[in-house]
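> Residue numbers (our numbering): 2 to 137.
For each residue, glycine too, the CB sits at the ideal point set by N, CA and C.
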Amino acid sequence: SFLVWTTTPWTLPSNLALAVGEDIEYDYVELAGETLILAKALVPSVLGEENFKLVKTVKGRDLVGRHYHRLFDYLDAPGDICRVLSADFVSTEDGTGIVHVAPAYGVDDLALGQAHDLPVVHGVGLDGHFIDAVTP
2 SFLVWTTTPW TLPSNLALAV GEDIEYDYVE LAGETLILAK ALVPSVLGEE NFKLVKTVKG
62 RDLVGRHYHR LFDYLDAPGD ICRVLSADFV STEDGTGIVH VAPAYGVDDL ALGQAHDLPV
122 VHGVGLDGHF IDAVTP
């Protein structure tokens, strides 16, 4: 499972891609029976003293093109979605080194989405509420 960072959780229903840094190292770690993927430099700050097992380390470029299952699947989106893309705005300053991408929300997200032919999918209406399709 990709362990993903976002400062805008309300955009998660509109998630269409994940972004990684090509030259960033990513660890696969096993924790509580699940394998998590996150930036090697951020493992200590994210997992702290948790008892995890390092499975392997790869570069971000090795993750590019992989597909994943969206956390929320409320909204239809055509095309080749739910894949890992490379982006120069990904860092290891904070978070997990993996960024959630929703092209409808944010300049970087939109530019990355346009570069990879991702649709723009709105999960929030003009009134600031989730649209009817986004239901728990």
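According to DSSP, Thr93 sits in a beta bridge with which residue or residues?
By 1-based counting over the sequence shown, the position of residue 93 is 92. Bridge partners of Thr93: none, in fact.
> Applying the criterion that 16 or more other CB atoms from any shown protein chain within 10 Å of the CB defines a buried residue, is Ala33 buried or exposed?
Position 32 of the sequence shown, counted from the first residue, corresponds to residue 33. So Ala33 counts as exposed.
> Is the beta carbon of Gly98 less than 8 Å from the beta carbon of Leu17?
Working through the sequence shown from its first residue, we reach residue 98 at position 97. Working through the sequence shown from its first residue, we reach residue 17 at position 16. Not closer than 8 Å, so no.
> Let me confirm a value: Thr12 is counted as buried when at least 16 other C-beta atoms fall within 10 Å, else exposed. Which label applies?
Position 11 of the sequence shown holds residue 12. When all chains shown are included, Thr12 counts as buried.
> Less than 8 Å between the C-beta atoms of Val100 and Leu37, yes or no?
Residue mapping note: residue 100 aligns to position 99 of the sequence shown, counting from 1. Residue mapping note: residue 37 aligns to position 36 of the sequence shown, counting from 1. For Val100 and Leu37, no; Cβs fall outside 8 Å.
> What first and last residue would you give for the alpha helix (DSSP H) that runs through Val44?
As a working mapping, residue 44 is identified with position 43 in the sequence shown. Note, Val44: alpha helix (DSSP H), 44-48.
> With 16 other CB atoms within 10 Å as the buried threshold, where does Asp89 fall?
Translated into positions along the sequence shown, residue 89 becomes position 88. Exposed, because fewer than 16 other Cβ atoms sit within 10 Å of the Cβ of Asp89.
> Can the beta-carbon of Lys41 be found less than 8 Å from the beta-carbon of Asp28?
Locating residue 41 in the sequence shown gives position 40, counting from the first residue. Locating residue 28 in the sequence shown gives position 27, counting from the first residue. In contact: Lys41 and Asp28 (Cβ atoms closer than 8 Å).
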